[in-house]
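Comments concern the structure below.
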Amino acid sequence: MGFLISMTIKNVSGAQDPYYRTFQYLFDLQLWISIFLLVALLITSFYLMIKYRASNTESKHVKNKFHSSNLEILWTVLATILALWLFFLTIGPVTTFAKANNKHADVIVKVRGYQFYWNITVGDQPWVTGVNFTTGAYNKIVFDHTKTYLLEITADVAGVIHSFYVPKLGFKADAVPGHTNYVYLSNLVPGVYDVTCAEFCGAGHYNMPARITVI
Amino acid sequence: MATLKRPSYWFMDYRKLFGTIDHKQIGMLYMVFAAVNLTVAGYYALLIRTELFNVGLDGFISPANYGSIFTMHGTAMIFLVIMPMGAGFGNYLIPLMIGAKDLYWPRWNNIAFWMLIPGASFVWMSEAPIGWTAYPPLSTTVDSTNLWIIGLIIVGTSSIIGAINFFLTIFNLRKPGLGMMDLDLFSWAILFTSFIQLFATPIITTALVMLLFERIAGAPFFTITYGSSSLLWQHIFWSYSHPAVYIMILPAMGIISVIIGRFSQNHIFGKSSMIYSMGAITLLGFMVWGHHNFTASPNAVPNWFFTFTTFLIAIPSGIKTFNWILTMYKGSIHFEPPLLFALSFILGFILGGFSGVIINTIPLDYYFHDTYFVVGHFHFIIIGGGLSAIIGGIYFIFPDATGRMYNKKAAYVHWAIWTVAFIVTFGGMNVLGYLNQPRRYVDYSVLSNYAELEFWHRVTTIGAYLQALAFLIGFSNLFYSAIKGPKVGDKPYSIENPQFWPLETKEESSQ
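Protein chains in written order, with my numbering: chain A, -8 to 206; chain Y, 48 to 558.
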């Protein structure tokens, strides 16, 4: 129980971190819970399968009436506690993410999805992204790690839905025509970050790359 | 029930084929229909996997055709394979399970099946490159979507007729003395499935008609330039399509509940909690659709609501898994092919269930949404789980349906390759998702970690070909055995009750 509480507090207090850190923390946690439960279920199953295999049981017609309400109540309660705890862990990060446009940001970044490229304006610096396959060159979008950024993500009003996906910053937000989603970025770590489109938008869906360089 | 004579080659007579009102024959027609569509949709999956084997556009599939191929793969697998398989098992088994002569409406039953043929033809002919989710504004602009919409409306109507038929049958035609709580879990599963079909399918029909009106008559339901929002479609669509995944998985749960009980020679552990769990899944299934839209509009309150309800659905799913496993306790387990496939269902359901909990955690969904992680998740559940259960069910009723026995050794080989293959394929997809490979990409060379991705795409492709090999073995075995297999009596398995339906003796009615 102390373990659960300490994990919970650690997560809530870390809510100001970049989203990728929250992702890593929650993913590792759930992965280990999953592996633990999987191993427990597999051991139980194989034990039962080996112990009660037909060649090992005397009667071929068992029809046992075994039932245990206590056992059922026990695992229902445990499963409920686990589910509620996992839900509780998401409250902080979800609030932080959703309240992006209430925050003051140093730089406003306008992201607009087109078929099939991104039109990105950082402050007053406009970029049209896309890869030139003959030269392999990208238009670099440069962020400063000391500043905070508010991304206003939408799509061409006459176009289709895209999704602005920056995996190593741990977020994606759909670019929906006529609807703006906000993402607040702070405490950026210097590096190069892939941007891709994550919502099927037509034949060129696979080819909407951009790179964000944080310096 | 045992008086039903062994089927002959009834389907060779076209009047019998098109006019049959026998529930077993219609059930078999559903299964054959689904198997044919499975072959084509599976072939499409192999095309996709072959294209992705190497990084780069190698000209095997053009980006324009790729959209058509994955759309048809998804649409057909859902609406023309897994759902008709559930209807097929319901047709074949429900009257036998409840002691009725036939379904309540035999003629409507015939019509419901034959409606699938034009519906399926329209869907296959459309080849619309919109994704099976058909999000507007893309789906309002792409050609050939009209045919896709009309095809799905016909298929949906067939599904509603089938659902009403099962409702009437289970409520009205049970043999005297068989109360609702005495019903077996398969009948309960079909009852809950029918409930979802009856109440959810009209939603998708409405949405499809709206989309059709927008396309052909300019009715502005989903287009922003007319002041509406395309997010409306996402909500209407998923408020059908999330319940629809339970249309796909509940019959499979019913099938394996019976199989595990029979081949463990045991009663299902906690039968009433199994029924309540299925009821909880059915009702909660209508309240979770927003978890498909976490990234569409990340508002805190609706996202909390939908993540909460989705975590709740993990509880009955977990209870059912524990119950299936404990059913083997103090049993006498016969590892015949149907049971092995049922155990594969449990494994697929567990693996897909864990990844389901992971993607329901919203900060993780912001990373995993629309990546291969999601693809791996639902393939584990629907294919590793649902299709395994269906194959197990087919092996179980094959001796009754054809009067002949399949080759058991080949069935074991089928099972072994199939189980390894689906774990490799869909596990590989989960890894690809963790390496942030987005869905529906014809090529991944624009991602900077493409070398790593190529390795895992190759693993996934090899797994997919192994699945195809398993299917080839299974199909050949069943097809050959249906014609040349050894004749078998009423005892195809050495267990107390070797048939899917309960024994006819009075005291066994609770099984």
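Cβ atoms here follow ideal geometry from the backbone N, Cα and C, with glycine treated the same way.
Beta-carbon gap between residue i and residue j smaller than 9 Å
i	j	result
A/LEU141	A/VAL98	yes
Y/PRO290	Y/TRP336	yes
Y/THR118	Y/PHE107	no
Y/GLY163	Y/SER115	According to the sequence displayed, residue 163 of chain Y carries Leu and not Gly. No, these two residues do not count as a Cβ contact at 9 Å.
Y/LEU258	Y/SER191	no
Y/ASN506	Y/GLY480	Residue identity differs from the one stated: residue 506 of chain Y is Val in this sequence, not Asn. It is not a contact, given that the beta carbons lie outside the stated cut-off.
Y/GLY308	Y/LEU225	no
A/ALA74	Y/ILE366	no
Y/TYR419	Y/PRO485	yes
A/TYR197	Y/VAL493	yes
A/TYR173	A/ALA164	yes
A/LEU77	Y/PHE401	no
A/PHE57	Y/HIS381	no
Y/SER304	A/GLU63	no
Y/SER109	Y/PRO184	no
Y/ILE470	Y/GLY432	no
A/TYR175	A/ALA96	yes
Y/THR253	Y/ILE283	yes
A/GLU190	Y/TYR182	yes
Spatial distance of residue i from residue j (CA atoms)
i	j	result
A/ILE0	Y/PRO410	With a pLDDT of only 45 at A/ILE0, under the threshold of 50, the placement of this residue in the model should not be trusted, and no figure is reported.
Y/PHE388	A/TYR105	46 Å
Y/PRO189	Y/LEU127	Reading off the sequence shown, one finds Val at residue 189 of chain Y, where the question assumed Pro. One C-alpha to the other measures close to 22 Å.
A/TRP23	Y/ASP412	18 Å
Y/PHE136	Y/GLY74	6 Å
A/TYR184	A/GLY195	21 Å
Y/ALA123	Y/MET132	12 Å
Y/SER528	A/ALA45	27 Å
Y/SER173	A/TYR43	52 Å
Y/HIS339	Y/TRP285	7 Å
A/PRO168	Y/PHE526	51 Å
Y/SER541	Y/LEU85	31 Å
A/PHE134	A/ARG202	11 Å
Y/ILE250	Y/ILE200	11 Å
A/PRO200	Y/GLY265	34 Å
A/LYS94	Y/TRP195	45 Å
Y/TRP548	Y/THR368	22 Å
Y/TYR453	A/THR67	41 Å
Y/GLY521	Y/ILE271	50 Å
A/ALA89	A/GLY161	14 Å
Y/MET563	Y/ASP537	Here chain Y comprises residues numbered 48 to 558, so residue 563 of chain Y is not present and cannot be evaluated.
Y/SER523	Y/SER495	43 Å
Y/LYS63	Y/PRO533	26 Å
Y/PRO267	Y/TRP280	12 Å
Nearest residue (CA-CA) to residue i, options the options
i	options	result
Y/GLY378	Y/ILE397, Y/THR368 and Y/PHE310	Y/PHE310
Y/THR472	Y/TYR491, Y/ALA266 and Y/GLY399	Y/GLY399
Y/TYR293	Y/VAL305, Y/GLY317, Y/HIS282 and Y/PHE333	Y/PHE333
A/TYR16	Y/PRO549, Y/SER324, Y/ILE405 and Y/ILE470	Y/ILE405
Y/TYR151	Y/ILE208, Y/TYR77 and Y/ASN477	Y/ILE208
Y/ASN483	Y/TYR56, Y/GLU499 and Y/LYS455	Y/GLU499
A/VAL180	A/ILE72, A/ILE152, A/ILE206 and A/LYS101	A/ILE206
Y/ILE211	Y/LEU279, Y/ALA134 and Y/PRO110	Y/ALA134
Y/ILE296	Y/HIS426, Y/PRO545 and Y/TRP465	Y/HIS426
Y/ASP514	Y/ASP149, Y/ILE464, Y/ALA458 and Y/ALA361	For clarity, residue 514 of chain Y is Gln in the given sequence; the question names Asp instead. Nearest of Y/ASP149, Y/ILE464, Y/ALA458 and Y/ALA361 to Y/GLN514, Cα basis: Y/ILE464.
Y/ILE125	Y/GLY203, Y/ARG451, Y/PHE316 and Y/ILE283	Y/GLY203
A/MET40	Y/LEU373, Y/PHE502, Y/HIS424 and Y/PHE445	Y/LEU373
Y/ALA175	Y/ALA111, Y/ILE263, Y/ASP231 and Y/ASN101	Y/ALA111
Y/PHE233	Y/PRO153, Y/ASP447 and Y/ILE141	Y/ILE141
Y/TRP235	Y/GLY440, Y/ASN477 and Y/THR216	Y/THR216
Cβ separation of residue i and residue j, assumed to be a contact under 8 Å, to the nearest whole Å
i	j	result
Y/SER241	Y/PHE218	Their Cβ separation, rounded to whole angstroms, is 10 Å, which puts Y/SER241 and Y/PHE218 out of contact at 8 Å.
Y/SER435	Y/SER391	4 Å
Y/THR342	Y/HIS416	5 Å
A/PRO84	A/THR13	5 Å
Y/GLY198	Y/GLY178	About 16 Å; that fails the 8 Å criterion.
Y/ILE437	Y/ILE302	7 Å
Y/PHE518	Y/GLY103	The Cβ separation is near 29 Å, so there is no contact.
Y/ILE393	Y/TRP371	6 Å
When you check each C-beta in the stretch 287 to 320 of chain Y against every C-beta of chain A, which residues fall closer than 8 Å?
SER311, GLN312, ASN313, HIS314, PHE316, GLY317 and SER320
Contact set between the stretch 154 to 178 of chain A and chain Y, restricted to residues whose Cβ is under 9 Å from the partner
SER154, TYR156, PRO158, LYS159, GLY161, PHE162, LYS163, ALA164, ASP165, VAL167, PRO168, GLY169, HIS170, ASN172, TYR173 and VAL174
Anything in the stretch 90 to 113 of chain Y with a Cβ closer than 7 Å to a Cβ of chain A? List those residues in chain order, please.
PRO110 and ALA111
Can you pull out the residues from the stretch 55 to 67 of chain A whose beta carbon lies closer than 9 Å to at least one beta carbon of chain Y?
ASN55, LYS56, PHE57, HIS58, SER59, SER60, LEU62, GLU63, TRP66 and THR67
Interface residues of the stretch 338 to 369 of chain Y facing chain A [CB-CB below 8 Å]:
THR342, ALA343, SER344, PRO345, ASN346, ALA347, ASN350, TRP351, THR354, PHE355, PHE358, LEU359, ALA361, ILE362, GLY365, ILE366, THR368 and PHE369
Chain-ordered residues of the stretch 186 to 205 of chain A with a beta carbon less than 9 Å from chain Y
THR187, CYS188, ALA189, GLU190, PHE191, CYS192, GLY193, ALA194, GLY195, HIS196, TYR197, ASN198, MET199, PRO200 and ARG202
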